[in-house]
Amino acid sequence: MTADIQAPAILWFRQDLRLADNPALVAAAATGRPVLPVYILDTVSQDWQPGGASRWWLHYSLAALQADLRRRYGAGLLLLRGDPMLLLPELARRTGAGAVYWNRCYEPAAIRRDTTIKAMLRQAGLTVETGNSALLHEPWTVQTRSKGWFRVFSPFWRACRAGPPPAAPQPAPQSLTPCTDSPAGLRLDALGLRPQQPDWAGGLRETWQPGEAGAAARLAEFLDAALPGYAEGRDHPDRAVTSRLSPHLHFGEIGPRQIRQAVLLRAGRNDGATGSAEKFLAELGWREFSHHLLYHVPDLPERNFRPDFDAFPWRDDAALLHCWQRGRTGYPLVDAGMRELWQTGWMHNRVRMIAASFLVKHLRQHWRHGAAWFWDTLVDADLASNAASWQWVAGSGADAAPYFRIFNPVLQGEKFDPDVRYIRRWLPELAKLPDTFIHKPWTAPPDVLRQAGVSLGRTYPEPVVDHDRARKAALAAFASLRNDGREAVGD
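Per our numbering, residue -7 is the first one in the sequence shown, and the count goes up by one each step.
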């Protein structure tokens, strides 16, 4: 073996914290070089530093990856903290590395960072190869007939489905030569990812198993127990029908190619699941569309996609925002969702739409306030999905929900939590109210409230706004931009 082949290959892990279907890992192992896996906690070049819930998840995901690398290949995971544009070239110099491999990230700051690092390393004479572990389709490959990019989801997803299928997922390499001469790195705890004083993550620990094994278990459970009923039950937060794979996807503990293949295989064995499989794969499609938008509109997390919304008369009310954040709006379905988020770092998708709509339409708080709160509290916080989804709800985004569609949180609760299991789980202070009143406790007679142990304004808040008045105010604000005269849809 030549001296060049003896030069290590650096394998830079980022949002691909798994061994299976990891193109960078496969490419590095195939070189025959000693492989040095490294993770760098980027504290400099990211526009959006991970929020508290994401940092908690990252700690345990890295712990799982460390154990998996050691068990399968006898390899360690070098942990560093700081600026990758300084640390990675220095690591290559110190180790005499001959090649660097990573999988692409698609956030605007990551693209700028990676482009610079790639040029620096190649100028120094290193081989640099990158792969796609995060998406079914690269954002620049899905184009309209005029070679432009898509602004509407449905034609985007049709184009994805009509084009070449994604590559088949690759198994983890059978073998890998670990680098035995690695510089000293940080201990995982030294990254400071877990909350300390106070440790608020008890609900997260009870709910989630970060890591590749946890992702595989979650997918298997979804396929076995929930996929056949997904199309009919996915909007009901009281049912365990959704996959809850989003945090595993964000951190790359499982890839969309793996999920797609598993869902199609299961649907092929169970004709009853076919409609549900299509519905679920379309959710993967929305994730793809969000990354497509962010790639082509890099300022999507900060600026309205539709410039006319720059003039929208948002209110700036810290007290109302705080009530929403803490699940104290007086509307039980909204509050149940926000309590679920606070305790588990996750919220059912239907309830996310209702809670988000309530913030931007009933309370008229800027969508950026909601996006910032979700960024900090969601374990699946993803820049593309967060920005695209909040702008969709606000009406300011691509393919946006029309602003005149204003969810009535009472009717939504009655429709999607008819047995009141979801509200009773997350709002125990209302658990003894009869079903007739629990979606709108302010309508309950005093003796019913008393018997249920509910004191409005004390044990549970009065509504912070009146739905009808808030709806009219939102429509007036919308009319100040559009003046289109359309009627509101109160569903």
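Note that the Cβ used here is the ideal one computed from N, Cα and C, for glycine as well.
**Asked** Between the Cα of valine 456 and the Cα atoms of Glu421, Leu219, Ala444 and Phe350, which residue gives the shortest distance?
**Response** Phe350
**Prompt:** What does tryptophan 200 pair with, by DSSP beta-bridge criteria?
**Reply:** In DSSP, tryptophan 200 forms no bridge with anything.
**Asked** Which residue spans inside the region 85 to 156 form an unbroken beta strand (DSSP E) run of at least 3?
**Response** 91 to 95 and 119 to 123
**Item:** Spatially closest choice to proline 190 from Gly44, Ser388 and Gly277, by CA coordinates
**Value:** Gly44
**Request:** Locate the beta strand (DSSP E) running through leucine 441, then write down its first and last residues.
**Result:** It is not in any beta strand (DSSP E) - leucine 441 instead sits in the alpha helix (DSSP H) that spans 438 to 443.
**Item:** Status (buried if at least 16 other CB within 10 Å, exposed otherwise) for threonine 451
**Value:** exposed
**Item:** Beta-carbon contacts of leucine 448 that lie in its chain and below 7 Å, excluding the five residues immediately before and after
**Value:** Pro433, Trp434, Leu441 and Glu454
**Message:** If contacts are defined as beta-carbon pairs under 8 Å, then proline 29 and leucine 3 qualify, I think. What distance do you get, rounded to the angstrom?
**Reply:** 5 Å
**Message:** Please report the distance separating the alpha-carbon of glycine 68 from that of isoleucine 430.
**Reply:** 54 Å
**Asked** What span of residues does the beta strand (DSSP E) with isoleucine 32 cover, start to end?
**Response** 27 to 34
**Beta carbon of leucine 180 nearer than 8 Å to that of leucine 71** = yes
**Message:** Whole angstroms are fine: how far does the CA of alanine 386 sit from the CA of asparagine 124?
**Reply:** 31 Å
**Prompt:** Taking the C-alpha atoms as reference points, what is the distance between arginine 463 and methionine 339?
**Reply:** 24 Å
**Message:** One question on the structure: do proline 165 and alanine 21 come within less than 8 Å of each other, judged by their Cβ atoms?
**Reply:** yes
**Request:** State the beta-bridge partners of phenylalanine 350 as determined by DSSP.
**Result:** DSSP, once it has assigned bridges, lists no residue as partnering phenylalanine 350.
**Prompt:** How many Å lie between alanine 465 and proline 147 at the Cα?
**Reply:** 34 Å
**Item:** Boundaries of the alpha helix (DSSP H) in which tryptophan 44 is found, first to last residue
**Value:** The question names tryptophan, yet the displayed sequence has glycine at residue 44. Note, glycine 44: alpha helix (DSSP H), 44 to 65.
**Prompt:** Three or more C-beta pairs closer than 8 Å, one from the region 239 to 257 and one from the region 299 to 316: is that the case here?
**Reply:** no
**Contact set for serine 138: own chain, Cβ-Cβ below 6 Å, skip 5 residues either direction** = none
**phenylalanine 5, DSSP secondary structure in three states** = strand
**Message:** Less than 6 Å between C-beta atoms, sequence neighbours within five positions excluded: which residues of the same chain meet that for serine 238?
**Reply:** Asp372
**Residue range of the alpha helix (DSSP H) that includes arginine 417** = 413 to 418
**Item:** Cut-off 6 Å between Cβ atoms - residues of its own chain near alanine 193, not counting five sequence neighbours on either side
**Value:** Trp48 and Pro187
**Request:** Alpha carbon to alpha carbon, how far is glutamate 421 from histidine 240? Give it in angstroms, no decimals.
**Result:** 33 Å
**Message:** Given this structure, state the Cα-to-Cα distance separating aspartate 327 from valine 289, to the nearest angstrom.
**Reply:** 33 Å
**Request:** Can you say whether proline 324 is buried or exposed, counting buried as having 16 or more other CB atoms within 10 angstroms of its CB?
**Result:** buried
**Close Cβ partners of alanine 269 (< 6 Å) along its chain, the five nearest in sequence each way excluded** = Val255 and Ala259
**Request:** Identify, in the order they occur along the chain, each residue of the same chain with its Cβ nearer than 6 Å to the Cβ of glutamine 505, setting aside the five sequence neighbours on each side.
**Result:** The structure shown does not extend to residue 505, since the chain spans only -7 to 483, so no value can be given for it.
**Prompt:** Is there contact between the region 97 to 109 and the region 219 to 231, where contact requires at least three CB pairs shorter than 8 Å?
**Reply:** no
**Request:** Assign tyrosine 222 to one of three DSSP states: helix, strand, or coil.
**Result:** helix
**Prompt:** Quick one: is alanine 159 buried, meaning 16 or more other Cβ sit within 10 Å of its Cβ, or exposed?
**Reply:** exposed
**Asked** Which value, in whole angstroms, describes the spacing of the CA atoms of alanine 363 and glycine 88?
**Response** 43 Å
**Message:** Counting C-beta neighbours from all protein chains within 10 Å, is the total for aspartate 144 16 or more, i.e. buried, or is it exposed?
**Reply:** For the sequence presented, residue 144 should be read as valine rather than aspartate. So valine 144 ends up on the exposed side.
**Asked** So, helix, strand or coil for glycine 329, using DSSP?
**Response** helix
**Message:** Cutting at 8 Å between CB atoms, please list the residues of its own chain near isoleucine 346, excluding the five before and the five after it.
**Reply:** Leu325, Val326, Gly329, Phe399, Pro401 and Gln404
**Separation of leucine 196 from alanine 480, as counted between CA atoms** = In this predicted model, alanine 480 has a pLDDT of only 39, less than 50, meaning its place in the structure is not dependable; the value taken from the coordinates is given anyway. Those two C-alpha atoms are separated by around 38 Å.
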